[in-house]
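Peer 1: I'd like to ask some things about the structure below.
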Amino acid sequence: MLLGIAIFVQLLRANYKHTSVLTQRYFIQLSYKGTNYHGWQVQPNAITVQEVLNKALSTILNQEVNVVGCGRTDTGVHASDFMAHFDLNDIRDVEAEKLVFRLNRFLPYDIAVKSMFPVHSEAHTRFDALARTYQYFITKDKNPFRSESHWTMTHQLDVDKMNEAAKLLFDYEDFTSFSKLHTDSKTNICKIYKAEWEDRGDELVFTVSADRFLRNMVRAIVGTLVEVGRGKLDMAGFRQVIESQNRSNAGTSVPGHGLFLCKIEYPEDLNKEI
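Numbering of the sequence shown is given in the UniProt record's numbering, commencing with residue 1 and proceeding in unit increments.
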């Protein structure tokens, strides 16, 4: 009897060890044009990037795959650099390059996979991210070739004033005034590392980096800085907007199609257990 129990326990341990070895987490790096999607996250009755990627991976790998993204982009927002992770079960010796090739053949033209690599089992594309960088693009003239990637703003903007106001963001950490209302976020505290405008002649580009971002935060900041650029808000007024911690005091959110998630930074030891 005791011998039988001992053998049974050994079989359970062997099976547990076997299962853990056959489960591998991967990070996948991709880019996408958000024009035809209702954002990243799966939604009922709407096409999203996450849904399309789940379907592609599940079909190719012949198992249900659910990817987890580094964040949630809204409808029409693009990503030139986006990270997601997923777990593969009962798969040995997955050749990342071949899987990337097959994915790109399967996926629609507006989603491209750049790379895929194994990471340790607890690595998380959202919670392990150290910093994120967004860029917002404004075209100064009506341009049909930029209609899905730039916001058209024909008003004259004072870029120097906009940059002066952008520097004030470094003095604060509570950005409730720029957050979408009624979100599931537990805190509105963020640390902004970079915020600046660049005048490229026929376009303006706003680059902002932070440890995390709130829902709609970048678009609300851009909309408020444009108010500064048009002379409707001065430096003291911009400070008051932030300090009020009231979304209704900030500017109107700019359209999503001019926004790009362009960089995610992670610790160097994500694959330390591989």
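Ideal placement from N, C-alpha and C gives every residue a C-beta, glycine not left out. Remember, it's a predicted structure, so these values are computed and weren't measured experimentally.
Under the DSSP definition of a beta bridge, which residues are partnered with ASP87?
Peer 2: BP columns for ASP87 point to ARG25.
Peer 1: Among residues of its own chain, excluding the 5 on either side of LEU168, which ones have a beta-carbon nearer than 8 Å to its beta-carbon?
Peer 2: Excluding sequence neighbours, LEU168 sits near MET235, PHE238, ARG239 and ILE242.
Peer 1: Look at the alpha carbon of GLY76 and the alpha carbon of TRP151, and state the distance between them as a whole number of angstroms.
Peer 2: Approximately 12 Å, taken between the alpha carbons.
Peer 1: Taking the straight line between their C-alpha atoms, what separation do you get for PRO144 and PHE260?
Peer 2: Those two C-alpha atoms are separated by around 19 Å.
Peer 1: State the Cα-Cα distance for the pair ASP160 and GLY256, rounded to the nearest angstrom.
Peer 2: Going by the C-alpha atoms only, they are around 24 Å apart.
Peer 1: Beta strand (DSSP E) containing ILE242: first to last residue?
Peer 2: Premise fails: ILE242 lies in the alpha helix (DSSP H), 235-244, not in any beta strand (DSSP E).
Peer 1: In chain order, what residues of the same chain have a beta carbon less than 6 Å from the beta carbon of LYS33, not counting five sequence neighbours either side?
Peer 2: The answer, listed in chain order, is HIS78 and ASP110.
Peer 1: Mark ALA84 as exposed unless 16 or more other C-beta atoms lie within 10 angstroms of its C-beta, in which case mark it buried.
Peer 2: Result: buried.
Peer 1: Using a Cβ-Cβ cut-off of 6 Å (strictly less than) and excluding sequence neighbours within five positions of LEU233, which residues of its own chain qualify?
Peer 2: Here the set comprises GLU227.
Peer 1: Is the beta carbon of LYS180 less than 9 Å from the beta carbon of LEU214?
Peer 2: Yes, the Cβ-Cβ distance between LYS180 and LEU214 is below 9 Å.
Peer 1: Determine the extent of the alpha helix (DSSP H) in which PHE227 is found, giving its start and end residues.
Peer 2: The residue you asked about is not Phe; residue 227 is Glu in the sequence shown. Counting along the chain, the alpha helix (DSSP H) containing GLU227 begins and ends at 217-229.
Peer 1: Going along the chain, which unbroken runs of the alpha helix (DSSP H) with 4 or more residues stay wholly within the segment 24-71?
Peer 2: Complete alpha helix (DSSP H) runs here, min 4: 49-61.
Peer 1: How many Å lie between GLY39 and LEU30 at the Cα?
Peer 2: When rounded, the distance between both Cα atoms is 14 Å.
Peer 1: State the Cα-Cα distance for the pair LEU88 and SER248, rounded to the nearest angstrom.
Peer 2: Using only the alpha carbons, I get a separation of about 45 Å.
Peer 1: On the three-state DSSP scale, how would you describe ALA123?
Peer 2: Coil.
Peer 1: Going by beta carbon distance, what residues of the same chain come within less than 6 Å of ILE220, once the five residues before and after it are set aside?
Peer 2: One detail in the question is off: residue 220 reads as Ala in this sequence, not Ile. Excluding positions up to five away in sequence, the list reads PHE178, ALA250 and SER253.
Peer 1: Please state the DSSP three-state secondary structure of LEU261.
Peer 2: Of the three classes helix, strand and coil, the one that applies to LEU261 here is strand, per DSSP.
Peer 1: Evaluate VAL94 with the Cβ neighbour count: other Cβ atoms within 10 Å of its Cβ, from every protein chain shown; 16 or more gives buried, anything less gives exposed.
Peer 2: Answer is exposed; the Cβ neighbour count stays below 16.
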